[in-house]
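Asker: Note that the protein sequences, when read in sequence, are chains A and B. Remember, my numbering sits 167 above the position in the first sequence when you count from 1. Remember, my numbering sits 31 above the position in the second sequence when you count from 1. We treat Cβ as the ideally placed atom computed from N, Cα and C, and that holds for glycine. Quick one: structure below, then a few questions.
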Amino acid sequence: MKVLLVEDEPKIADFVCDGLRARGLEVTHCLDGNAGFELGQQDRFDMIVLDIMLPGRDGLSVLKGLRAAGVPTPVILLTARNELGDRIEGLELGADDYLAKPFFVEELVARMQALRRRLAGDRQNTVQVGSIKLDRITRQASVGGRLIDLTSREFSLLEYLMRSPGQVFTRSQILEHVWGYDFDPTTNVVDVCIRRLRAKIAPDDAAAGASPIESVRGTGYRFGPAR
Amino acid sequence: MTISFRTRLFVVSALIVAGVLSAVVALGWASLRDAQLETLDERLCNEARRVGTQPFLGEELARLESDLAIKLRLGSTAQLLVRYEPRDGGPAFQSAGWADAPTLSSLTWAARRAPLLAEPPPRPPPDAPPGARRLAPPPAHGPPPCALASFEHHGGHWRAARFEAPFGRSTVAADLASAESALQGAVGRTLATVVPLALVLTALGAWLLASLTMRPVNRLRVAMGEVSQRALDQRLSSAGEDREFKELIDAYNTMLARLEASFGQASRFSADAAHELKTPLTILQGRIEQALARSEHGAIQDELTQMLDEVGRLALITRKLLLLSQADAGRLDLQRARVDISQLLEDLVTDARMMVADGQLQAHIAPDLAVQADAVLLRQLLNNLMANAVRHRRPGGHIRVRARTHAGAIEIHFANQTEPIEAAQRARFFERFYRGDASHGRRVDGSGLGLSLALEIARAHGGDLRLEPSPSDEVRLRLSLPVAGK
């Protein structure tokens, strides 16, 4: 996937580029709105990640210009300013999603993938790792063909972990993805939810210790063995 | 107790008008009475002269008495006394009642003779009515003199006139009661209609005056109320106001300007600070996330994870401060849409149930409660309240959540059992950076901004958040929000 990142703060651009490339994405970076608008008009990107506060021409204006020029490339806005107002205005101007600063690159990647799936017409609507299968449309989960009853949070959590089997996710990352950035991170809701999820997806004959969701001491959780 | 300015104005002006009115009535009454007495004196003198200069026969006395009673406007001849004494020892005549008036014949007779022609005039008897007095002494060579006197007779005040005619002396006396009662009757009748009318007019006038005075005050009050509800950048217009109110408005506007300047500076500062913090926080979080992904070492991952948690906490505080400063400046930007508050609460309850043992969380949420609200802020608000209940719950304590429509508003109650909390601590719940339970030494997470932010969000939506009275080991919060229109 080819991504255009328009971000004026070099240190932010730095780790975002690094993170996206580490996940196999091809990233082009530019520092201001005018360059972003020029590059965005070229029909060679699958995704544009656009900061709102930019020197020259701000993100919302770039977005407006691109949409006016008929550029259909999906856009994810990065907001830091008065996020409430920008969020709505951005979505009205044709942004596909938004992410408030500070954000996790992991979350940005998850949003990009979800966006691509949505725009691609939901061809990949099932995820399967081992005996566990998720249907993103019906939001049903099954273990070895047996349907299990998950709450919507449990489903989101399992889907998030299963997206990258073997990768460690911290509680903060999980919290941001599953509960949203306005959720208070001081509760141990993630741990409790993981415990319940383990109980539900455990094969009938399996011992408790053999759950596919592994705890990584002090850090977080991962689905399946380490890569 | 405070009474309204309008009432005080009304009472004071009514009292003043009523006082002036009664003074006028009293003065009028006195001068009217004087005038009446003077008329009576003159008539008495005239009649005494007539009796003294025209000879009467004894059998004409009854006719003379009734004639005099009519001329003097007396009720009956009983209120009249007449006497004529000729000098030449001819036939004298007197009223039948004359003999019953010893005062007149004996005591006053001697006393009246001397002062009649000489100075000084006699002092009226001590119990005589104040109007009793002598007419001016007649000129030495003028018409024959007429003397006047007041006396008591049959328990009433009488007035007598004596005329020294060439051939005899005539005396005519009349009961003042008849004259006074006539006056009292006339004045009383007038007052009976005038006083209530005057009182009504006084009240009306006072009310009008009070209203007139209050009108600019009320106009100011309404205008000031609108200003503080909207924003501090509003100013009152002093056009068309009286000078005193112009000065008042100018002073108010000056105060508002100073308030706006310092308030704006304070909230701009915290908004700027919060915004400036976001860039380094983003960099910090991104870097730590990156380092965590690259690290293979368990202990370092452990450290980085803890750092990440702290950055997350810092980010949350920053976000809350930004929202609070926007709320303070009256610029909380609401993106209103119809929000299903029942669903939002059900989700929260589901999350909370994961952290609370079975049966310790009771929820009664009426279905399909909807509000016109900013979805993100409303979620923040409810989340803060739920997090507050979970966090400050005493181990094993109950949490109750109830949502319903009540009196045209949506009411959401959050209650949780806690360690006992003193009233002084409760009063500080909505203070910023206040953390409860500090005195118990129990570690409580959270920014200490949750409830104050919740309150601001509730108010920005036209609702309110209140601490309800409860036993000391329970906290009850009531959130009310306006119901969304269809």
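1) Could you give the distance in angstroms between the alpha-carbon of residue 489 of chain B and the alpha-carbon of residue 296 of chain B?
2) Given a cut-off of 9 angstroms on the beta-carbon distance, is the pair residue 340 of chain A and residue 274 of chain A in contact?
3) Beta-carbon separation of residue 396 of chain B and residue 376 of chain B under 9 angstroms?
4) Which word fits residue 110 of chain B, buried or exposed, when buried means at least 16 other C-beta atoms lie within 10 angstroms of its C-beta?
5) Answer yes or no: does any C-beta atom of chain A fall closer than 9 angstroms to that of residue 396 of chain B?
6) Using a Cβ cut-off of 8 angstroms, pull out every chain A residue sitting near residue 323 of chain B, in sequence order please.
7) Can you list the residues of chain B that residue 184 of chain A reaches, using a CB-CB cut of under 8 angstroms?
8) Report back the beta-carbon spacing between residue 487 of chain B and residue 363 of chain B to the nearest angstrom; my notes put them in contact at under 8 angstroms.
9) Tell me whether residue 102 of chain B is buried or exposed, calling it buried when 16 or more other Cβ atoms sit within 10 Å of its Cβ.
10) Quick check: what's the CA-CA separation for residue 187 of chain A versus residue 370 of chain B?
11) Buried or exposed: residue 31 of chain B, going by 16 or more other Cβ atoms within 10 Å of its Cβ?
12) Excluding the five sequence neighbours on either side, which residues of its own chain have a C-beta within less than 6 angstroms of the C-beta of residue 213 of chain B, listed in chain order?
13) Applying the criterion that 16 or more other CB atoms from any shown protein chain within 10 Å of the CB defines a buried residue, is residue 451 of chain B buried or exposed?
14) Do you know how far the Cα of residue 67 of chain B is from the Cα of residue 164 of chain B?
15) Quick one: Cα of residue 115 of chain B to Cα of residue 203 of chain B, how far?
16) Quick check on residue 222 of chain A: buried or exposed, where buried means 16 or more other Cβ atoms within 10 Å of its Cβ?
17) Are the Cβ atoms of residue 194 of chain A and residue 215 of chain A separated by less than 9 angstroms?
18) Which chain A residues sit within Cβ distance under 7 angstroms of residue 318 of chain B?
19) If you run the structure through DSSP and keep just helix, strand and coil, what is residue 387 of chain A?
20) Locate the beta strand (DSSP E) running through residue 203 of chain B, then write down its first and last residues.
21) Per DSSP, what kind of secondary structure is residue 265 of chain A in: helix, strand or coil?
22) Please work out which residues of its chain come closer than 8 angstroms, Cβ to Cβ, to residue 472 of chain B, disregarding the five sequence neighbours upstream and downstream, and give them in chain order.
23) For residue 313 of chain A, collect the residues of the same chain with a Cβ closer than 6 angstroms to its Cβ; drop the 5 residues on either side in sequence, then sort them by chain order.
24) What beta strand (DSSP E) runs, 3 residues minimum, are completely inside the segment 187–240 of chain A?
25) How would you write the range of the beta strand (DSSP E) that residue 293 of chain A sits in, first residue to last?
26) On the DSSP letters alone, give me the boundaries of the alpha helix (DSSP H) that residue 327 of chain A sits inside.
27) Out of A:310, A:326, A:386, A:190, point me to the one whose CA is closest to residue 366 of chain A's CA.
28) Taking only beta carbons into account, state which residues of the segment 303–319 of chain A come closer than 7 angstroms to chain B, listed in chain order.
29) Please decide whether residue 26 of chain B counts as near chain A, where near means a Cβ-Cβ distance under 9 angstroms.
30) Return helix, strand or coil for residue 182 of chain B, following the three-state DSSP convention.
31) Can you check which of these residues, A:170, A:205, A:315, A:278, is closest to residue 330 of chain A by C-alpha distance?
32) Going by Cα to Cα distance, which pick from B:422, B:495, B:507, B:514 is closest to residue 466 of chain B?
33) Using the beta-carbon of each residue, which ones in chain A are nearer than 7 angstroms to residue 346 of chain B?
34) Between the C-alpha atoms of residue 257 of chain B and residue 442 of chain B, what's the straight-line distance to the nearest angstrom?
35) Whose C-alpha, out of A:322, A:345, A:174, is nearest the C-alpha of residue 224 of chain A?
36) Residues in its own chain within less than 8 angstroms of residue 281 of chain B by CB, not counting five upstream and five downstream?
Answerer: This is what the structure gives:
1) The residue given as residue 489 of chain B occupies position 458 in the second sequence. The residue given as residue 296 of chain B occupies position 265 in the second sequence. Going by the C-alpha atoms only, they are around 24 angstroms apart.
2) For this step, residue 340 of chain A is matched to residue 173 along the first sequence. For this step, residue 274 of chain A is matched to residue 107 along the first sequence. Contact: yes.
3) Here residue 396 of chain B is taken as the residue at index 365 of the second sequence, counted from 1. Here residue 376 of chain B is taken as the residue at index 345 of the second sequence, counted from 1. Result yes, Cβ atoms of residue 396 of chain B and residue 376 of chain B sit closer than 9 angstroms.
4) Counting from one through the second sequence, the residue named residue 110 of chain B turns up at place 79. Looking at its Cβ environment, which holds 16 or more other Cβ atoms inside 10 Å, residue 110 of chain B is buried.
5) Position 365 of the second sequence, counted from the start, is the residue given in the question as residue 396 of chain B. For residue 396 of chain B, no CB of chain A lies under 9 angstroms from its own CB, so it is not counted at the interface with that chain.
6) Taking the first residue of the second sequence as 1, we reach residue 323 of chain B at position 292. 335, 337, 386, listed in chain order.
7) Locating residue 184 of chain A in the first sequence gives position 17, where the first residue counts as 1. Within chain B, no residue has its beta carbon less than 8 angstroms from that of residue 184 of chain A; the closest one is some 10 angstroms off.
8) Within the second sequence, residue 487 of chain B is the residue found at index 456, counting from 1. Within the second sequence, residue 363 of chain B is the residue found at index 332, counting from 1. Between residue 487 of chain B and residue 363 of chain B a beta carbon distance of about 7 angstroms is seen, short of the 8 angstroms cut, so the two are scored as contacting.
9) The sequence position of residue 102 of chain B within the second sequence is 71, counting from 1. Only exposed fits residue 102 of chain B, as fewer than 16 other CB atoms lie within 10 angstroms of its CB.
10) One-based indexing of the first sequence puts residue 187 of chain A at position 20. One-based indexing of the second sequence puts residue 370 of chain B at position 339. In this structure, the CA atom of residue 187 of chain A is about 35 angstroms from the CA atom of residue 370 of chain B.
11) With chain B running from 32 to 517 in the structure shown, residue 31 of chain B is simply not present.
12) Taking the second sequence and counting its residues from 1, one reaches residue 213 of chain B at position 182. Hits under 6 angstroms: none found.
13) Numbered from 1 along the second sequence, position 420 holds the residue referred to as residue 451 of chain B. Classification for residue 451 of chain B: exposed.
14) In the second sequence, counting from the first residue as 1, residue 164 of chain B sits at position 133. In the second sequence, counting from the first residue as 1, residue 67 of chain B sits at position 36. Any reading at residue 164 of chain B must be qualified, since the residue scores a pLDDT of 44, below 50, and its modelled position is unreliable; the value itself is stated next. Cα-Cα distance, rounded: 13 angstroms.
15) To locate residue 115 of chain B, count along the second sequence from 1; it is residue 84. To locate residue 203 of chain B, count along the second sequence from 1; it is residue 172. About 9 angstroms.
16) Counting from 1 along the first sequence, the entry for residue 222 of chain A is found at position 55. So residue 222 of chain A counts as exposed.
17) Numbered from its first residue, the first sequence carries residue 194 of chain A at position 27. Numbered from its first residue, the first sequence carries residue 215 of chain A at position 48. Result no, Cβ atoms of residue 194 of chain A and residue 215 of chain A do not sit closer than 9 angstroms.
18) Position 287 of the second sequence, counted from the start, is the residue given in the question as residue 318 of chain B. What residue 318 of chain B touches in chain A: 182.
19) The residue you call residue 387 of chain A lines up with position 220 of the first sequence. Note: residue 387 of chain A maps to strand in three-state DSSP.
20) Position 172 of the second sequence, counted from the first residue, corresponds to residue 203 of chain B. DSSP places residue 203 of chain B in the uninterrupted beta strand (DSSP E) bounded by 199–206.
21) Mapped onto the first sequence, residue 265 of chain A falls at position 98. DSSP places residue 265 of chain A in strand when its eight states are reduced to three.
22) Here residue 472 of chain B is taken as the residue at index 441 of the second sequence, counted from 1. No answer about residue 472 of chain B holds up, because its pLDDT of 45 lies below 50 and its placement is not dependable.
23) Numbered from its first residue, the first sequence carries residue 313 of chain A at position 146. In the same chain as residue 313 of chain A, and ignoring 5 residues on each side of it, no C-beta atom comes closer than 6 angstroms to its own.
24) Taking only runs of at least 3 residues, the beta strand (DSSP E) segments lying wholly in the segment 187–240 of chain A are 193–197, 214–218.
25) Walking along the first sequence from the start, residue 293 of chain A turns up at place 126. From DSSP, the beta strand (DSSP E) with residue 293 of chain A extends over 293–296.
26) Taking the first sequence and counting its residues from 1, one reaches residue 327 of chain A at position 160. Membership of residue 327 of chain A in the alpha helix (DSSP H) is indicated by the continuous run 319–330.
27) The sequence position of residue 366 of chain A within the first sequence is 199, counting from 1. Looking only at A:310, A:326, A:386, A:190, the smallest Cα-Cα distance to residue 366 of chain A is reached by A:310.
28) Of all residues in the segment 303–319 of chain A, only 318 come within less than 7 angstroms of chain B when Cβ atoms are compared, listed by chain position.
29) Nothing about residue 26 of chain B can be read from this structure; chain B reaches only from 32 to 517.
30) Start at 1 with the first residue of the second sequence, and residue 182 of chain B comes out as number 151. Secondary structure of residue 182 of chain B (DSSP, three-state): strand.
31) Taking the first residue of the first sequence as position 1, residue 330 of chain A is located at position 163. For the residues A:170, A:205, A:315, A:278, the minimum Cα distance to residue 330 of chain A belongs to A:278.
32) Residue numbering aside, residue 466 of chain B sits at position 435 when the second sequence is read from its first letter. It is B:422 whose Cα lies nearest to the Cα of residue 466 of chain B.
33) The residue given as residue 346 of chain B occupies position 315 in the second sequence. For residue 346 of chain B, the chain A residues whose Cβ falls inside 7 angstroms of its Cβ are 269, in order along the chain.
34) As a position in the second sequence, residue 257 of chain B is number 226, starting the count at 1. As a position in the second sequence, residue 442 of chain B is number 411, starting the count at 1. Approximately 27 angstroms between the Cα atoms of the pair.
35) Locating residue 224 of chain A in the first sequence gives position 57, where the first residue counts as 1. For the residues A:322, A:345, A:174, the minimum Cα distance to residue 224 of chain A belongs to A:174.
36) Position 250 of the second sequence holds residue 281 of chain B. These residues qualify, in order along the chain: 269.
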